[in-house]
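All remarks here apply to the structure that follows.
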Amino acid sequence: MLTRAPERLATTDQGAGMSMHDLVNLAAAQAAPGQPGTGLVALDAALAATVGHRLFTVLVLDEARGVNRRFYSSRPEAYPVAGEKPIRRDSELYRLVVQQGVPRVCRDRQDVVRAFPDHDLILSLGCESAVNVPVRWDGRTLGALNLLHEAGHYGEAQLPALSVFAALAVAPILRILGEHGR
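Going left to right, the sequence shown walks through residues 1 to 182 as UniProt numbering numbers them.
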């Protein structure tokens, strides 16, 4: 017996879900030329339409150089592409996202201030919550999807959908790592 797949694959606490249409569009973009940029732009659009964000960035770990490098930003005027931050191996972000491979959720302004050295800039963009989602392949963290929004926007309900998007970010990030000899 054949049954039709549900239109909504995941539901967030904001009521938005990830539709098969969103996944089909993202898959088509990843198959198109112009990678990794084409895939990352489509990932941004899919995340904006489903989970929501005011700021979305993609960081790639460069363990050899000891930096996280920004390869995509939805707001490049505030967070330019190619920006780098030193990897802080003693940080909560590194422990959770890189070592343990689990997302870190900052639910409110206090969490953002505690978690981000650049919290003044983040808050100036109207962002008072964040989620950092590990992009993992073959047992290791390659980078992270970072979404920021108004206070209270992110919680446990979005993590299943975000894990799917993180899996769909593996190909673009592997391409970035390959192009940069990492």
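Where is the CB? At the ideal position from N, CA and C, for every residue including glycine.
Check: Of all the beta strand (DSSP E) runs that stay within the bounds of the UniProt domain "GAF" (42-169), which reach a length of 3 or more residues?; Outcome: 55-62, 67-73, 84-86, 104-106, 129-137, 140-149
Check: Compute the Euclidean distance between the alpha carbons of residue 120 and residue 113, then round it to the nearest angstrom.; Outcome: 8 angstroms
Check: Does the pairing of the stretch 21-40 with the stretch 123-143 give three or more beta-carbon distances under 8 angstroms?; Outcome: no
Check: Can you tell me the Cα-Cα spacing of residue 57 and residue 179, whole angstroms?; Outcome: 19 angstroms
Check: Please determine, among 29, 152, 61, the residue with the shortest C-alpha to C-alpha distance to residue 145.; Outcome: 61
Check: Residue 82 and residue 70 - do their beta-carbons sit closer together than 8 angstroms?; Outcome: yes
Check: Compare the Cα-Cα distances from residue 46 to each of 169, 174, 175, 177 and report the closest residue.; Outcome: 169
Check: Just confirm the distance between the C-beta atoms of residue 152 and residue 107, as a whole number of angstroms; I'd bet it's less than 8 angstroms.; Outcome: 6 angstroms
Check: What span of residues does the alpha helix (DSSP H) with residue 30 cover, start to end?; Outcome: 20-31
Check: Could you check the C-alpha separation between residue 164 and residue 44 for me, to the nearest Å?; Outcome: 13 angstroms
Check: Output the distance between the C-alpha atoms of residue 34 and residue 161, rounded to the nearest integer angstrom.; Outcome: 25 angstroms
Check: If you measure between the beta carbons of residue 88 and residue 94, is that distance less than 8 angstroms?; Outcome: yes
Check: Can you tell which of 19, 31, 171, 29 has its C-alpha closest to the C-alpha of residue 138?; Outcome: 171
Check: Given residue 32, which residues of its chain have a CB within under 7 angstroms of its CB, disregarding the five upstream and five downstream residues?; Outcome: 38
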